[in-house]
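Participant: Pasting a structure below so you can have a look.
Number of protein chains: 2
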Amino acid sequence: VEKLKQKIAEEGRVLSNSVLKVDSFLNHQVDPALMDEIGKEFCRQFKDSGIDKILTIESSGIAPAVFTGLHLGIPVIFARKRKSLTMADKLLTSSVYSFTKRERNDIAISGELLAQNDQVLIIDDFLANGEAALAMADIVQQAGANVAGIGIVIEKAFQGGASKLRAKGYHVESLAVIESLEKETVKFYSESEEVQL
Amino acid sequence: VEKLKQKIAEEGRVLSNSVLKVDSFLNHQVDPALMDEIGKEFCRQFKDSGIDKILTIESSGIAPAVFTGLHLGIPVIFARKRKSLTMADKLLTSSVYSFTKRERNDIAISGELLAQNDQVLIIDDFLANGEAALAMADIVQQAGANVAGIGIVIEKAFQGGASKLRAKGYHVESLAVIESLEKETVKFYSESEEVQL
Chain Z
261 VEKLKQKIAE
271 EGRVLSNSVL
281 KVDSFLNHQV
291 DPALMDEIGK
301 EFCRQFKDSG
311 IDKILTIESS
321 GIAPAVFTGL
331 HLGIPVIFAR
341 KRKSLTMADK
351 LLTSSVYSFT
361 KRERNDIAIS
371 GELLAQNDQV
381 LIIDDFLANG
391 EAALAMADIV
401 QQAGANVAGI
411 GIVIEKAFQG
421 GASKLRAKGY
431 HVESLAVIES
441 LEKETVKFYS
451 ESEEVQL
Chain G
261 VEKLKQKIAE
271 EGRVLSNSVL
281 KVDSFLNHQV
291 DPALMDEIGK
301 EFCRQFKDSG
311 IDKILTIESS
321 GIAPAVFTGL
331 HLGIPVIFAR
341 KRKSLTMADK
351 LLTSSVYSFT
361 KRERNDIAIS
371 GELLAQNDQV
381 LIIDDFLANG
391 EAALAMADIV
401 QQAGANVAGI
411 GIVIEKAFQG
421 GASKLRAKGY
431 HVESLAVIES
441 LEKETVKFYS
451 ESEEVQL
């Protein structure tokens, strides 16, 4: 999605060598038309993978996930970062370490929402070290379901998450792959460089 | 939206006289096609109100809000329930008391996202006592912007929030209005009863 890379280049703010802030269209303010494009692209990439359900984490994963769900015609589950009072027993939980926030948090979903053998597409806004995606994959496996793919809006390739996930055999698709945030500059992998990898 | 009422009747679970659980299509698992219908309906109701921006709160407000934003062609801001490290200074905050969770929480948005005189549509999944909507309205006013309308997916009329908001002059539209949850039954206001109010 070329429009996504443009938005990152124009509106993204590099806060450090590892933190990119995209609060104007993804993480705080959301651009619905761009999210719809993102949903269409994930649909194109995963439409032949027999996906039954999408799993994401609140809050920033929800917008790209619901548009992907709309275009694939399937439901979206968002994992909660803390337990909610109206959540049933039979929770499936896993833990995520956030390097940004330097804290470990549980994520949880109600076990009723995933069925055995469900083919699940994991969607998230960012992929850094892969902790969040691995925790979601753990929850999918606890339910006896299968991770059919992982769709990422922005991958920070230099943090190694995608390599870690692919080494475990997951099919990972990232819409924008960032090679480096050094010198306060967003450097994307170009298509030709990706071929060389 | 008749389909919304059907979903509530079929899948909603009444946990007490005041708590309705709709985790299968709105609060935990999300039905994207239904959210798209909801977005279209809010668009129909507010398209002549000159709206510039939508404001909602994470996490359950995001799905209905982003589809409304898509159909109105405008950005969506979601208020955060706790401060995030990558959030800039210049936060606008307000506090919300949750009767369900019996705790008071701050909500916050970055002051950069709302401009003076912006016409803002507030969207939320539930309206109970009106605390969350009032906190969002407070933030809009702190920014010097104007609340042009409030769109609610499910209103629990017996908790008085809508009356409170209308008494302050706000234009409130609720897609499903629940009169009572007594006897473990969802009782909707019928169209004819609404006229009588």
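Going down the list, the sequences are from chains Z and G.
Counting the first sequence from 1 gives a position; our numbering is that position plus 260.
Counting the second sequence from 1 gives a position; our numbering is that position plus 260.
Glycine included, C-beta positions come from ideal geometry on N, C-alpha and C.
#1: Taking the beta strand (DSSP E) that Z:Ser423 falls in, what are its first and last residues?
#2: Does the distance from the C-beta atom of Z:Gly421 to that of Z:Ala393 stay below 8 Å?
#3: Which bits of chain Z does G:Gly329 rub up against, with CB to CB less than 8 Å?
#4: Mind checking G:Leu345: buried by the 16 CB within 10 Å criterion, or exposed?
#5: Contact criterion: CB-CB distance below 8 Å. Does Z:Leu351 meet it with respect to chain G?
#6: Do G:Ile438 and G:Lys416 have their beta-carbon atoms positioned less than 8 Å apart in this structure?
#7: For Z:Ile322, return the contacting residues in chain B, with the cut-off set at a CB-CB distance below 7 Å.
#8: Would you check if there are 3 or more beta carbon pairs closer than 8 Å linking the segment 403-410 of chain G to the segment 377-388 of chain G?
#9: Mind listing the chain G neighbours of Z:Ser460? Cutoff is C-beta to C-beta under 7 Å, in chain order.
#10: Listing by chain order, which chain G residues have their CB less than 9 Å from the CB of Z:Leu373?
#11: Measuring alpha carbon to alpha carbon, tell me which residue in G:Phe448, G:Ser278, G:Ile369, G:Val326 is nearest G:Phe359.
#12: My guess is that Z:Ile367 and Z:Ile337 are in contact by the Cβ rule of under 8 Å, so how many angstroms apart are they, rounded?
#13: Look at Z:Asn287 and Z:Ser309 and say whether their C-beta atoms are less than 8 Å apart.
#14: Do you know offhand how far Z:Glu297's Cα is from G:Ile414's?
#15: Compute the Euclidean distance between the alpha carbons of Z:Pro324 and Z:Arg340, then round it to the nearest angstrom.
#16: In terms of residues, what are the limits of the beta strand (DSSP E) holding G:Ala408?
#17: Give a yes or no on whether 8 Å exceeds the smallest Cβ distance from G:Ile311 to chain Z.
#18: Rounded to whole angstroms, what is the Cα-Cα separation between G:Leu435 and Z:Thr445?
#19: Just reading off the beta strand (DSSP E) that Z:Lys313 is part of, what are its end residues?
#20: To the nearest angstrom, how far is the alpha carbon of G:Phe327 from that of G:Glu372?
#21: Can you tell me which of the three DSSP states G:Phe306 falls into?
Facilitator: According to the structure shown:
#1: Position 163 of the first sequence, counted from the first residue, corresponds to residue 423 of chain Z. Unbroken run through Z:Ser423 is the alpha helix (DSSP H), 421-427; no beta strand (DSSP E).
#2: Taking the first residue of the first sequence as position 1, residue 421 of chain Z is located at position 161. Taking the first residue of the first sequence as position 1, residue 393 of chain Z is located at position 133. Their beta carbons are under 8 Å apart, which means Z:Gly421 touches Z:Ala393 by this criterion.
#3: Taking the first residue of the second sequence as position 1, residue 329 of chain G is located at position 69. Within 8 Å Cβ-Cβ: Val290, Pro292.
#4: Counting from 1 along the second sequence, the entry for residue 345 of chain G is found at position 85. Low local confidence applies: a pLDDT of 44 at G:Leu345 is under 50, so the model's placement there is unreliable, with the coordinate-based value given in what follows. Looking at its Cβ environment, which holds fewer than 16 other Cβ atoms inside 10 Å, G:Leu345 is exposed.
#5: Taking the first sequence and counting its residues from 1, one reaches residue 351 of chain Z at position 91. For Z:Leu351, the answer is no, since every Cβ of chain G falls outside 8 Å of its Cβ.
#6: On the second sequence, residue 416 of chain G is found 156 positions in, with the first residue counted as 1. On the second sequence, residue 438 of chain G is found 178 positions in, with the first residue counted as 1. For G:Lys416 and G:Ile438, yes; Cβs fall inside 8 Å.
#7: Protein chains Z and G are contained in the structure displayed, whereas chain B is not.
#8: yes
#9: Within the shown structure, residues of chain Z are numbered from 261 to 457, placing residue 460 of chain Z beyond reach of any answer.
#10: Walking along the first sequence from the start, residue 373 of chain Z turns up at place 113. In chain order: Asp283, Ser284, His288, Gln289.
#11: As a working note, residue 359 of chain G is residue 99 in the second sequence. Ranking the options by Cα distance to G:Phe359, first place goes to G:Ser278.
#12: As a working mapping, residue 367 of chain Z is identified with position 107 in the first sequence. As a working mapping, residue 337 of chain Z is identified with position 77 in the first sequence. 11 Å between Cβ atoms; not a contact.
#13: Residue numbering aside, residue 287 of chain Z sits at position 27 when the first sequence is read from its first letter. Residue numbering aside, residue 309 of chain Z sits at position 49 when the first sequence is read from its first letter. It is not a contact, given that the beta carbons lie outside the stated cut-off.
#14: Residue 297 of chain Z sits at position 37 when you count from the first residue of the first sequence. Residue 414 of chain G sits at position 154 when you count from the first residue of the second sequence. Straight-line Cα distance between these residues: approximately 29 Å.
#15: Sequence index remark: in the first sequence, residue 324 of chain Z carries index 64 (1-based). Sequence index remark: in the first sequence, residue 340 of chain Z carries index 80 (1-based). Whole-angstrom Cα-Cα distance: 16 Å.
#16: Reading the second sequence from its first residue, position 148 is the one you call residue 408 of chain G. Looking at the DSSP string, the run of the beta strand (DSSP E) that includes G:Ala408 is 406-416.
#17: Position 51 of the second sequence, counted from the start, is the residue given in the question as residue 311 of chain G. With 8 Å as the cut-off, G:Ile311 does not count as an interface residue toward chain Z.
#18: By one-based count along the second sequence, residue 435 of chain G stands at place 175. By one-based count along the first sequence, residue 445 of chain Z stands at place 185. Cα to Cα, G:Leu435 sits roughly 46 Å from Z:Thr445.
#19: Here residue 313 of chain Z corresponds to residue number 53 of the first sequence, with the count starting at 1. 313-317 is the extent of the beta strand (DSSP E) around Z:Lys313.
#20: Translated into the one-based positions of the second sequence, residue 327 of chain G becomes position 67. Translated into the one-based positions of the second sequence, residue 372 of chain G becomes position 112. Going by the C-alpha atoms only, they are around 23 Å apart.
#21: Numbered from its first residue, the second sequence carries residue 306 of chain G at position 46. Here G:Phe306 sits in helix by DSSP.
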